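A short worksheet on the structure shown next.
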Amino acid sequence: MKEAKLLIVPSDLHEANAFVVKHHRHHQPVVGHKFSLACVDGDRICGVCIVGRPISRRLDDGLTLEVTRVATDGTRNACSALYGAARRATFALGYKRLVTYTLPSESGSSLRGAGWRCIGEAGGGSWSRTRRPRTDKAPLSMKLRWEAEA
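Sequential numbering from 293 applies to the sequence shown in the working numbering.
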């Protein structure tokens, strides 16, 4: 079987979010972003990556961005291609660090393949508080933080 020739192209947030709705296993679309990328095979979008400000206020230092969503249709190497392209674009824009999170049940092989390293456990739990109740829409378990630095 012929290996797909994958290309990375810019994507607007509307298009990326539409792909997330269709293909992401446990997250909803995002509200904002710094930039989004799509992985294409010919005319077909096979994955998207949305990069924005870090969710954690402690990481939001003006020099760090976060991959907030990656979704693919299962095309081989699309996920690694997106993580690698997000890394290159982030550093080309002058940022010094890029982070993302995975569930412990996810292998992280695409991140390792794109040159990221696992920092350890982070997060977990509910965002809901007595004075500010929220509906949890994402998994509440601990996550693994991954990082790429310039």
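In this text, a Cβ means the ideal position worked out from N, Cα and C, and glycines have one as well.
Note that the structure is predicted; figures quoted are calculated from it, not measured.
Determine the contact status of Y393 and R361, defining contact as a CB-CB distance below 8 Å.
no
Would a C-beta distance cut-off of 8 Å place V359 and C338 closer than the cut-off?
no
Between A406 and R379, which are expected to be in contact by the criterion C-beta below 8 Å, what is the C-beta distance as a whole number of angstroms?
The C-beta distance from A406 to R379 rounds to 6 Å, short enough to meet the 8 Å contact threshold.
For D365, collect the residues of the same chain with a Cβ closer than 6 Å to its Cβ; drop the 5 residues on either side in sequence, then sort them by chain order.
Counting only residues of its own chain and dropping the five nearest sequence neighbours on each side, D365 has a CB closer than 6 Å to the CB of H315 and C338.
If I'm right that G415 touches K435 with Cβ under 8 Å, what's the distance once you round it to whole angstroms?
5 Å
Just to check my reading of the structure: V313 and P321 have Cβ atoms closer than 8 Å, yes? What is that Cβ distance to the nearest angstrom?
6 Å
Out of G344, D335 and R345, which has the shortest C-alpha to C-alpha gap to L299?
D335
Label T382 either buried or exposed according to how many other C-beta atoms from any shown protein chain fall within 10 Å of its C-beta, with 16 as the threshold for buried.
By the neighbour-count criterion, in which a residue is buried when 16 or more other Cβ atoms sit within 10 angstroms of its Cβ, T382 is buried.
Which runs of the beta strand (DSSP E) spanning at least 3 residues fall entirely within the region 326-386, listed in chain order?
327-333, 336-344 and 356-364
Consult DSSP for R404 and reduce its assignment to one of helix, strand or coil.
helix
Only counting the same chain, and skipping five residues up and downstream in sequence, which positions put a Cβ closer than 6 Å to that of A377?
I300 and L329
Hey, A440 and L395 are a contact pair by Cβ (cut 8 Å); roughly how many whole angstroms apart?
19 Å between Cβ atoms; not a contact.
Along the alpha helix (DSSP H) that carries K439, what are the first and last residues, could you check?
Residue 439 is actually Glu in this sequence, not Lys. Segment K435 to E441 is the beta strand (DSSP E) holding E439; no alpha helix (DSSP H) there.
Classify V343: buried if its beta carbon has 16 or more other beta carbons within 10 angstroms, exposed otherwise.
buried
Take G412 and list the residues in its own chain whose beta-carbon comes closer than 8 Å to its own, dropping the five residues that flank it on each side.
L436 and R437
In its own chain, which residues sit with a C-beta less than 7 Å from the C-beta of C371, not counting the 5 before and 5 after it?
G339, V362, T364 and S402
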